[in-house]
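I have placed the structure first, in the form of structure tokens, so that the comments after it can refer back to it.
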Amino acid sequence: MKNLLVLGFALLIVSCSSKKEGNMIVNGQIKGLKKGTLYLQKIVNDTLLKTIDSVAVLGSDQFTLTANVDEPEMYYVTFDGNTTNKYITFFADKGIINITDDVAKFGINPVITGSKNQDILNNYTKIARRFNDQNLDLIQRKFYAQKSKNKDSLAIIQKEYENLLRRRYMVTVNFALNNKDNTVGPYLALTELANANIKWLDTINKSLSPEVKNSLYGRKLDKFVTDIKKSEVKK
């Protein structure tokens, strides 16, 4: 499912900062990186990808990026400003964040530590990966069924896909509810459950602790649920 907040990464990149101070320090290593520029970015106004800091890499694969973070929020490390297929996403927070990755597979499976919400998101990612693997298997089976024009197999595969999606939704809902005291709860609701039943989203929204309810993604989730309810009333 597409990330509701990233908007396909077809976004405008604005001003590159040279500051090297802040309450969040991102230390990292991109193995095999010899030359290039790394950018620390975040989304503002839901549509604009803004560069917070940058660092030129020449001869060393290690880097440090900094920012002032008011609350947990999703940030991005992009390579040479490429937001199409080379980016690392992580939950920014005050303190020290450590990122280790490989230039050949930049952003595919980075190791990220130092943020409580990121640790929680890492746990969810492990669960989601199993569903992704099953989905890829279904896609492959569907391809061969279409090639052989096997309508019975296509019907079975479609049913399996619907069941898989339903299970993924339920697992994600339960995960978000179990983390209602952490910002990752509403974040997952927005990014993984945007097309799910509004009742599930409403349940997560109502379960959030006051602090998380007032967080960036808590406010976004509340607005998202409210807007859907208003649209349903008009129908």
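All residue numbers for the sequence shown refer to this note's numbering, where the first residue is 666 and numbers rise by one. Every residue, glycine too, gets a C-beta built ideally from N, C-alpha and C. Bear in mind the structure is a predicted one, so any value in this text is a computation, not a measurement.
Pairwise C-alpha distance: residue j and residue i
i      : j      : result
ARG794 : ILE773 : 12 Å
ASN782 : ASP817 : 44 Å
THR702 : GLY760 : 23 Å
ASP745 : TYR704 : 7 Å
LEU786 : LYS770 : 20 Å
THR837 : ASN797 : 13 Å
VAL776 : LEU886 : 28 Å
ALA861 : LYS700 : 43 Å
LEU714 : ASN815 : 45 Å
TYR804 : ILE821 : It is worth fixing the name first, because residue 804 is Ile in this sequence and not Tyr. So the alpha carbons of these two residues sit roughly 12 Å apart.
LEU830 : GLN811 : 21 Å
LYS751 : LYS894 : 36 Å
Three-state class that DSSP yields for residue i in the structure shown
i      : result
ASP798 : helix
LEU714 : strand
GLY701 : strand
GLU738 : strand
TYR777 : The sequence given here has Ile at residue 777, not Tyr. Three-state result, ILE777: strand.
Residue i - partner residues in DSSP beta bridges
i      : result
ASN692 : THR729 and ASN763
VAL890 : In DSSP, VAL890 forms no bridge with anything.
LYS707 : LYS715
TYR752 : THR743
LEU723 : LYS700
Residue i classed as buried or exposed, judged by whether at least 16 other C-beta atoms fall within 10 angstroms
i      : result
ILE869 : buried
THR848 : buried
Contact test: residue i Cβ vs the ligand COA heavy atom, cutoff 7 Å
i      : result
GLN805 : As far as ligands go, the structure on display features none, and thus does not contain the ligand COA.
Runs of alpha helix (DSSP H) wholly within the stretch 831–876 (minimum 4 residues, chain order): You should have 849–857 and 863–872.
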